[in-house]
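The next block holds one structure in the form of structure tokens; read it before the comments.
Pasting the structure below:
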């Protein structure tokens, strides 16, 4: 399906890199590296140069902590969205928020996509996306409260649950007026899931891509990688790329990442192996 | 009839075989749990009922631990052997599942004291709502106070720690033979 994210269109077979740019002092991986706005702006320029089609700007870390109210979240992201919009007109700007009020403000500043990492916690977010013609990422979290950790969660079938919840959210978005071509589903690794759940979602991602909805995966440096290999944050790139390859094989369309270059190479290599992409330039033995 | 032998273990999912990893992140706890269950069931006839007090979510763990012993599991009544699955708060550190709650340590300390004495009245009167706010699994603790333990029981604490920000205890109680 052609993807329409805001004013930007992508062909049926395009895979996209969504680079994470946090506007937080305390996110788990970058630990405030882009908290200063100029640093964040430099990071956007860097990932654009690396080929990222999308930047995902977030104002609140996913882990529990100090409450960040709506006004503060808007303060962290809205002005920055406007600045990035002006500097990079061809770039898809996604904002990682579950709040409709934040969604409205950032869309008015030029955001193209609302990335709801918390599975529809604010049911009005679909209305914000519809009002501004924005795209929407629909995640599965098992209904947990935003910024909580999974604790003794069980599913009869985590993949069936992820598909049911994300596709229901997607259809709710369509009913609210969000363009069907702008909706993406995301199983949300580790959100409302333990390591075994995230591994199973990865293993069976093909069932999610088979729904026909474009699938986004956010694997980068996640705890399911860390627990599988017993490696701390900062040493999980190889494991992340292995999971990326499995998801690429299954047909994921969008990859939410810290490392754009490495992920792009892995996804392109997998898709070339699968025959979905031509080699860039082949002449060896063909002269 | 008062149960002669009672054991309490925490309902940690990682105790279940389906969540096994290459390394065991709860090896000491697991050893204490198996010691408690072994003590609980030693000398128990295969047709003797074992009463299990736990939430529906914890039944899988109970069955997994008791299955090798071939005992019949009942939901209460006059069983002389009782297993309770319960644990304290999950809010003891910033990395805990429930993040940090300043009330957690005091709540767990009160519970630890009541469990070890034992104090059936304090256990029966535990504030379930407060416990649930801090993700404590304490339904079984109330049953210990209301239906199971008496002041004639003597406790033995096999495990008391919070390795992942969740308070775990493994405790056994045996009714004193002379009634004191």
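Protein chains in written order, with the numbering used here: chain U, 71 to 357; chain Z, 99 to 278.
Glycine is no exception: its CB is placed at the ideal position from the N, C-alpha and C atoms.
Remember, it's a predicted structure, so these values are computed and weren't measured experimentally.
task = Starting from the beta carbon of residue 111(Z), find every residue of chain U whose beta carbon is closer than 7 Å, and list them in chain order.
result = Taking the first residue of the second chain as 1, we reach residue 111(Z) at position 13. Those are 222, listed as they occur along chain U.
ask   = Taking 8 Å as the CB-CB limit, is residue 159(Z) close to chain U?
value = As a first step, residue 159(Z) must be located in the second chain, where it is residue number 61. No - not a single Cβ of chain U is within 8 Å of the one on residue 159(Z).
key: residue 176(U), DSSP secondary structure in three states   = Locating residue 176(U) in the first chain gives position 106, counting from the first residue. Helix, per DSSP.
ask   = So which residues of chain Z does residue 134(U) contact, with C-beta pairs closer than 7 Å?
value = What you label residue 134(U) is simply residue 64 of the first chain in a count that begins at 1. Correct list: 197.
ask   = Which of helix, strand or coil does DSSP assign to residue 107(Z)?
value = Mapped onto the second chain, residue 107(Z) falls at position 9. In the three-state reduction of the DSSP assignment, residue 107(Z) falls in the strand class, which pools E and B.
task = Report the neighbours of residue 265(Z) on chain U: residues whose CB is nearer than 7 Å to its CB, in chain order.
result = One-based indexing of the second chain puts residue 265(Z) at position 167. For a Cβ distance threshold of 7 Å, nothing in chain U lies close to residue 265(Z): the least Cβ distance comes to about 13 Å.
query = Near residue 273(U), which residues of its chain fall below 8 Å by C-beta distance, leaving aside the five closest residues on each side in sequence?
reply = As a working mapping, residue 273(U) is identified with position 203 in the first chain. Around residue 273(U): 316.
message = Check whether chain Z comes within 8 Å of residue 233(U), counting only Cβ atoms and requiring the distance to be less than that.
response = The count along the first chain starts at 1 and reaches residue 233(U) at position 163. Chain Z contact via Cβ: absent.
C-alpha distance - residue 288(U) paired with residue 256(U), whole-angstrom precision = In the first chain, residue 288(U) corresponds to position 218, counting from 1. In the first chain, residue 256(U) corresponds to position 186, counting from 1. Going from the Cα of residue 288(U) to the Cα of residue 256(U) covers about 8 Å.
message = Between which two residues does the alpha helix (DSSP H) holding residue 286(U) run?
response = The residue you call residue 286(U) lines up with position 216 of the first chain. Careful: residue 286(U) lies outside any alpha helix (DSSP H), inside the beta strand (DSSP E) at 286 to 288.
request  = Return no unless some Cβ of chain U is closer than 8 Å to the Cβ of residue 202(Z).
outcome  = For the purposes of this step, residue 202(Z) is taken as residue 104 along the second chain, with counting starting at 1. Closer than 8 Å: no.
ask   = Considering only residues of the same chain and omitting the five flanking positions on each side of residue 240(Z), which have a CB-CB separation below 7 Å?
value = The residue labelled residue 240(Z) in the question sits at position 142 within the second chain. Contacts found: 221, 222, 224, 226.
key: Same chain, Cβ closer than 8 Å to residue 128(Z), five either side skipped, listed in chain order   = Position 30 of the second chain, counting from 1, holds the residue named residue 128(Z). 113, 122.
Cβ neighbours of residue 321(U) in the same chain (closer than 6 Å, five flanking residues each side left out) = Residue mapping note: residue 321(U) aligns to position 251 of the first chain, counting from 1. Setting aside the 5 residues that flank it on each side, residue 321(U) is surrounded in the same chain by 279, each with a C-beta closer than 6 Å to its C-beta; the list follows chain order.
request  = Taking residue 191(Z) as the reference, give the member of 270(Z), 111(Z), 271(Z), 263(Z) with the closest Cα.
outcome  = Taking the first residue of the second chain as position 1, residue 191(Z) is located at position 93. It is 263(Z) whose Cα lies nearest to the Cα of residue 191(Z).
Residue from 174(U), 117(U), 97(U) with nearest C-alpha to residue 136(U) = Indexing the first chain from 1 puts residue 136(U) at position 66. Taking only the C-alpha atoms, the option nearest residue 136(U) is 97(U).
Backbone CA spacing between residue 212(U) and residue 221(U) [nearest angstrom] = Numbered from its first residue, the first chain carries residue 212(U) at position 142. Numbered from its first residue, the first chain carries residue 221(U) at position 151. When rounded, the separation of the alpha-carbon atoms in residue 212(U) and residue 221(U) is 12 Å.
request  = Select from 100(Z), 110(Z), 153(Z) the residue whose C-alpha is nearest the C-alpha of residue 237(Z).
outcome  = Sequence index remark: in the second chain, residue 237(Z) carries index 139 (1-based). It is 153(Z) whose Cα lies nearest to the Cα of residue 237(Z).
message = Against chain U, does residue 262(Z) count as a neighbour if the rule is that its beta carbon must be under 8 Å from one of theirs?
response = Within the second chain, the letter at position 164 stands for residue 262(Z). Answer no: the Cβ-Cβ gap between residue 262(Z) and chain U never drops below 8 Å.
query = How about residue 219(U): is its C-beta nearer than 8 Å to some C-beta of chain Z?
reply = One-based indexing of the first chain puts residue 219(U) at position 149. Closer than 8 Å to some Cβ of chain Z, the Cβ of residue 219(U) qualifies, so yes.
request  = Specify the secondary structure class of residue 148(Z) as computed by DSSP and reduced to three states.
outcome  = Within the second chain, numbered from 1, the residue matching residue 148(Z) stands at position 50. Note: residue 148(Z) maps to strand in three-state DSSP.
request  = Count the C-beta pairs between the stretch 144 to 163 of chain U and the stretch 180 to 194 of chain U that are closer than 8 Å, then say yes if the count reaches three, no if not.
outcome  = yes
key: Three-state class that DSSP yields for residue 317(U) in the structure shown   = Taking the first residue of the first chain as 1, we reach residue 317(U) at position 247. Three-state DSSP puts residue 317(U) in a helix.
message = Does chain Z have any CB closer than 8 Å to the CB of residue 274(U)?
response = Taking the first residue of the first chain as 1, we reach residue 274(U) at position 204. No, its Cβ sits nowhere closer than 8 Å to a Cβ of chain Z.
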